[in-house]
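Structure below.
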């Protein structure tokens, strides 16, 4: 199984992605399904979204 690392950034912006300190972040709306799942979660929490296991590794 190939592990895929995706960085998410919850935003109200109109861009598709941004780079922060050399890392690419996908911008997602605060109203998006994945953002709704993030609500109430904290560092280290894990959940599944569309068949992928996601772990919260950083919050800023």
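Numbering (my numbering), first residue to last: 3 to 62.
Here a beta-carbon is modelled for each residue, glycine too, at the ideal position from N, C-alpha and C.
Rounded straight-line distance, which links the Cα of residue j to that of residue i
| i | j | result |
| --- | --- | --- |
| residue 1 | residue 13 | There is simply no residue 1 to check, as the chain begins at 3 and stops at 62 in what is shown. |
| residue 42 | residue 48 | 12 Å |
| residue 34 | residue 23 | 25 Å |
| residue 59 | residue 51 | 16 Å |
Sequence-distant residues of its chain with Cβ nearer than 8 Å to residue i (five each side left out)
| i | result |
| --- | --- |
| residue 31 | 12, 13, 14 and 37 |
| residue 18 | 28 and 29 |
Identified DSSP bridge partners for residue i
| i | result |
| --- | --- |
| residue 21 | 26 |
| residue 54 | 51 |
| residue 12 | 30 |
Sequence-distant residues of its chain with Cβ nearer than 7 Å to residue i (five each side left out)
| i | result |
| --- | --- |
| residue 25 | 9 |
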